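Residue numbers (this note's numbering): 530 to 598.
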């Protein structure tokens, strides 16, 4: 893996983290979780959005690190 490819991959990792945080706050402040529960009886809170996003983010870090080895 060359340095430019690694740098690009790590920038993408941090952009994914930024996206996860943006999605969390959009979901939190729009009240989508409450609306989903009231209308569909599905409990899916902003923390659930955050945790699923973080799982994907950690997998992406693993994928980048694994490629380095």
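Built from N, CA and C at the ideal position, the CB exists for glycine as well. Just so it is clear, the structure is predicted and the values come from calculations on it, not from any experiment.
Cβ neighbours of residue i in the same chain (closer than 7 Å, five flanking residues each side left out)
i, result
"residue 578", "552, 553 and 556"
Minimum Cβ-Cβ distance from residue i to chain D less than 9 Å
i, result
"residue 593", "No chain D appears in the structure shown, which is made up of a single protein chain."
Buried or exposed by the 16-neighbour rule on C-beta atoms within 10 Å, applied to residue i
i, result
"residue 560", "exposed"
Residues near residue i in its chain [Cβ-Cβ closer than 6 Å; skip 5 each side]
i, result
"residue 511", "The question about residue 511 has no answer, for the chain in this structure spans 530 to 598."
Nonlocal neighbours in the same chain, by C-beta distance under 8 Å from residue i, ignoring five residues either side
i, result
"residue 539", "593"
"residue 549", "579, 582, 583, 585 and 586"
Whole alpha helix (DSSP H) elements within the stretch 542–573, 4-residue minimum
Qualifying alpha helix (DSSP H) stretches, in chain order: 561–569.
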